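S.K.:
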Amino acid sequence: MATMGVSYFGNRMIQHVERDLKELKAKGFTDILHTVSENDLKFYRGTMEEIIQLSKEIGFTVTVSPWSIGLVFGGEAFSEFHIHHPEACQVTQEGKRLPQACFNHPVFRGFMKKWADAVSGMGADYILWDEPHWAGQGGWYFIGQNEWTCRCEACRDSFIKAFGCDMPAEWNEDIEQFRKDVMIDFLDELSKYAFGLGVKNIVCFFPNREKLIVPPEWEKAAGLEAVETFATDPYWAGSKFAAEEFVDFYVKAAMDIAGRTGTKPQLYIQNFRIPGGKESDICSAVEIGWKNGIRDFYTWGFNSCAHMSFLRSDHPEKAFKAYYETVLRKVGCSMA
Ligand SMILES: [Zn+2]
Numbered sequence: 000m001a002t003m004g005v006s007y008f009g010n011r012m013i014q015h016v017e018r019d020l021k022e023l024k025a026k027g028f029t030d031i032l033h034t035v036s037e038n039d040l041k042f043y044r045g046t047m048e049e050i051i052q053l054s055k056e057i058g059f060t061v062t063v064s065p066w067s068i069g070l071v072f073g074g075e076a077f078s079e080f081h082i083h084h085p086e087a088c089q090v091t092q093e094g095k096r097l098p099q100a101c102f103n104h105p106v107f108r109g110f111m112k113k114w115a116d117a118v119s120g121m122g123a124d125y126i127l128w129d130e131p132h133w134a135g136q137g138g139w140y141f142i143g144q145n146e147w148t149c150r151c152e153a154c155r156d157s158f159i160k161a162f163g164c165d166m167p168a169e170w171n172e173d174i175e176q177f178r179k180d181v182m183i184d185f186l187d188e189l190s191k192y193a194f195g196l197g198v199k200n201i202v203c204f205f206p207n208r209e210k211l212i213v214p215p216e217w218e219k220a221a222g223l224e225a226v227e228t229f230a231t232d233p234y235w236a237g238s239k240f241a242a243e244e245f246v247d248f249y250v251k252a253a254m255d256i257a258g259r260t261g262t263k264p265q266l267y268i269q270n271f272r273i274p275g276g277k278e279s280d281i282c283s284a285v286e287i288g289w290k291n292g293i294r295d296f297y298t299w300g301f302n303s304c305a306h307m308s309f310l311r312s313d314h315p316e317k318a319f320k321a322y323y324e325t326v327l328r329k330v331g332c333s334m335a
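Residue numbering for the sequence shown is 0 to 335, as defined by numbering that gives the first Met the number 0.
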């Protein structure tokens, strides 16, 4: 049984959401992802509940993602976490406090638990812990090439407990290991918490676009007790690699990890910033996923993000169609 999902964001008007959801259902979509940002949490709580409930009534399985919360997850959204909780934000080795939240800080973990409470109350089936990342060269607020995090008080305390010495001011392997361990610990705590609320967990790390590499913490995260699905989102446009090579590498990696950890593999297909004439890359990505055993498909995002100039593909209609028609063709062939 294959599933076909799509992310949906940028519209909080229920009557328009309803029309889009019904169109998607008629096309054969089974799953939908709603982004729940800090803005949603603050101003659209009731609306998001209505949107999620409506999605379920129409028959979708609903995933939510912490869109750009604390500026440490994937997403095109603003964050004010750093205004209210500067003490829980990342600090560089020079002592500069950044707007990105620290995965180790109990205040941020508490905040994310409240977010999980909220999305669970709205009726979410799954949480996608989407592209959690430390401050660096990705995201919306780059730090300097020589800067690194995190030397906040909480991290320095934890480092002493873990390594028996002060955190060095110079980057070294222990710090690298410490950050990976903190990330896993964060995902472990939050996924267990969400699971306790009755919400299932998906983890997804953004693949490296400069080199084909699978960091060891991916498998550790997939192997966490409360994680059900391991997703990968090899968005090729903007990477150093051809679409097919890039997707093939990360799909195979995800299948291997899922196989070894007993999780379900899930594949996100790019559907934003697709240049005109390159829509066939989307078909190829679906084909590669299917050939390697992926049956849980998602695309980012609805109508190839036609509504959002920052992400819009050149020919959104054509690009979106390339996704669902290819998935449906594969499903149809497998049933014939
Ligand atoms: Zn920290």
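All C-beta atoms, glycine included, are put in the ideal place defined by N, C-alpha and C. Model, not experiment: these values are computed from the prediction.
For C154, decide whether its Cβ has a neighbour in chain B, counting only Cβ atoms nearer than 8 Å.
M.R.: Of the protein chains in the structure, only one exists, and it is not chain B.
S.K.: Does the pairing of the segment 24–42 with the segment 3–15 give three or more beta-carbon distances under 8 Å?
M.R.: Yes, since at least three Cβ pairs between the segment 24–42 and the segment 3–15 fall closer than 8 Å, the two stretches touch.
S.K.: For I256, I'd like the list of residues in its chain whose CB is within less than 7 Å of its CB, leaving aside the five on either flank, ordered along the chain.
M.R.: These residues qualify, in order along the chain: W217, E218, A221 and F229.
S.K.: Could you check what DSSP says for F194 in three-state terms: helix, strand or coil?
M.R.: In this structure, F194 counts as helix in the three-state DSSP scheme.
S.K.: When you compare the segment 312–322 with the segment 268–279, are there three or more beta-carbon pairs, one atom per stretch, that lie closer than 8 Å?
M.R.: Yes, the segment 312–322 touches the segment 268–279.
S.K.: Where are the alpha helix (DSSP H) runs, 4 residues long or more, that stay fully inside the segment 206–239, in chain order?
M.R.: Counting whole runs of 4 or more residues, the segment 206–239 contains the alpha helix (DSSP H) stretches 215–221.
S.K.: Beta-carbon separation of E243 and I287 under 8 Å?
M.R.: Yes, the pair counts as a contact, with Cβ atoms nearer than the cut-off.
S.K.: Tell me whether Q89, by its Cβ, gets closer than 7 Å to a heavy atom of ligand 1.
M.R.: Result yes, Cβ under 7 Å from ligand 1.
S.K.: Would you report the Cα separation of W114 and D19, rounded to the nearest angstrom?
M.R.: Going by the C-alpha atoms only, they are around 26 Å apart.
S.K.: Just to check, is the beta-carbon of H84 closer than 7 Å to a non-hydrogen atom of ligand 1?
M.R.: No, the beta carbon of H84 sits no closer than 7 Å to any heavy atom of ligand 1.
S.K.: Using 8 Å as the threshold, is the segment 37–47 in touch with the segment 114–130, meaning 3 or more CB pairs across them?
M.R.: Output reads yes: the segment 114–130 touches the segment 37–47.
S.K.: Counting C-beta neighbours from all protein chains within 10 Å, is the total for C151 16 or more, i.e. buried, or is it exposed?
M.R.: Buried, by the Cβ-count rule.
S.K.: Measuring CB to CB, does E227 end up less than 8 Å from N200?
M.R.: For E227 and N200, yes; Cβs fall inside 8 Å.
S.K.: Quick check on G195: buried or exposed, where buried means 16 or more other Cβ atoms within 10 Å of its Cβ?
M.R.: Burial call: exposed.
S.K.: So, using beta-carbon positions, are K251 and N291 closer together than 8 Å?
M.R.: Their beta carbons are under 8 Å apart, which means K251 touches N291 by this criterion.
S.K.: Along the beta strand (DSSP E) that carries F296, what are the first and last residues, could you check?
M.R.: Its beta strand (DSSP E) spans residues D295 to W299.
S.K.: On a Cα-Cα basis, can you pick out the residue from K41, G4 and Q52 that is closest to I13?
M.R.: Ranking the options by Cα distance to I13, first place goes to Q52.
S.K.: Quick check on W139: buried or exposed, where buried means 16 or more other Cβ atoms within 10 Å of its Cβ?
M.R.: By the 10 Å Cβ count, W139 comes out exposed.
S.K.: In three-state DSSP terms, what is H104?
M.R.: Note: H104 maps to coil in three-state DSSP.
S.K.: Regarding A134 and ligand 1, is the C-beta to nearest heavy atom distance less than 7 Å?
M.R.: No, the beta carbon of A134 sits no closer than 7 Å to any heavy atom of ligand 1.
S.K.: Per the contact definition of three or more C-beta pairs closer than 8 Å, is the segment 122–130 in contact with the segment 152–160?
M.R.: Contact fails: fewer than three Cβ-Cβ distances are below 8 Å.
S.K.: Excluding five sequence neighbours on each side, which residues of the same chain lie with their C-beta closer than 7 Å to the C-beta of E188?
M.R.: Around E188: R108.
S.K.: Should D232 go down as buried or exposed, given a rule of 16 or more other Cβ atoms within 10 Å for buried?
M.R.: Buried.
S.K.: Please report the straight-line C-alpha distance between A284 and A241, rounded to a whole angstrom.
M.R.: Their Cα atoms are separated by approximately 11 Å.
S.K.: Beta carbon of L70, beta carbon of Q92: below 8 Å?
M.R.: No, Cβ-Cβ distance for L70 and Q92 is not below 8 Å.
S.K.: Is H81 near ligand 1, judged by its Cβ being under 7 Å from some heavy atom?
M.R.: Because no heavy atom of ligand 1 lies under 7 Å away, the Cβ of H81 does not count as near it: no.
S.K.: Taking the alpha helix (DSSP H) that I273 belongs to, which residues open and close that run?
M.R.: Here I273 belongs to no alpha helix (DSSP H), and DSSP marks it neither H nor E.
S.K.: Whose C-beta lies closer than 6 Å to the C-beta of S333 among residues of the same chain, with five residues either side of it excluded?
M.R.: Once the five neighbours on either side are set aside, S333 has no close Cβ partner at all.
S.K.: Mapping the DSSP letters down to three states, classify P315 as helix, strand or coil.
M.R.: The answer is helix: DSSP assigns P315 an H, G or I state.
S.K.: Can the beta-carbon of G4 be found closer than 8 Å to that of F296?
M.R.: A contact, by the Cβ cut-off of 8 Å.
S.K.: Please report how far the alpha carbon of E146 lies from the alpha carbon of G300, in whole angstroms.
M.R.: One C-alpha to the other measures close to 33 Å.
S.K.: From the DSSP secondary-structure annotation, give me the bridge partner or partners of S64.
M.R.: For S64, which the question treats as bridged, DSSP gives the partners T34.
S.K.: Please state whether DSSP places T148 in a helix, a strand or coil.
M.R.: Strand.
S.K.: If the criterion is Cβ atoms closer than 8 Å, does the pair A153 and N103 meet it?
M.R.: In this structure, N103 lies closer than 8 Å to A153 by Cβ.
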